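Working notes, structure below.
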Amino acid sequence: SFELPVVNIGRRQAGRMQAGNVLNVGHEKGAILSAIERALSSAFRAGLSGLQNPYGDGHASERILETLSTIPLDERLLFKALAY
């Protein structure tokens, strides 16, 4: 998502959201080498230009801070209620 290639080795990330810069391969030496060669190729790198980040726009912290600044910081935050 930073317009850089990524090679994921193995299945740990299977089913997770990924950007277009990610190449998924098994743990075989040949597959890993092929993925690295592809990731370093000028054609693959050129395709990463303008890649959309699936994780957001990078401004989440500003929005969180803005929201938290509207919450009063008083004793109500200390009150714990049992719901059962």
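In the numbering used here, the protein residues as written are 12 to 95.
Virtual Cβ for every residue (Gly too), placed ideally from N, Cα, C.
Note that the structure is predicted; figures quoted are calculated from it, not measured.
{"query": "If you draw a straight line from the C-alpha of G26 to the C-alpha of I82, how long is it?", "result": "36 Å"}
{"query": "Looking at the unbroken alpha helix (DSSP H) that takes in I82, where does it start and where does it end?", "result": "Where I82 is concerned, there is no enclosing alpha helix (DSSP H), given that its DSSP letter is neither H nor E."}
{"query": "State the beta-bridge partners of I43 as determined by DSSP.", "result": "Per DSSP, none; premise fails for I43."}
{"query": "Let me know if A46 comes out buried or exposed under the rule of 16 or more other beta-carbons within 10 Å of its beta-carbon.", "result": "buried"}
{"query": "Under the three-state reduction of DSSP, which class applies to L34: helix, strand or coil?", "result": "strand"}
{"query": "Which residue's Cα is closest to the Cα of G31: G21, L59 and Q24?", "result": "L59"}
{"query": "Go through its chain and collect everything with a Cβ distance to A50's Cβ below 7 Å, but skip five positions before and after it.", "result": "P16, V18 and L34"}
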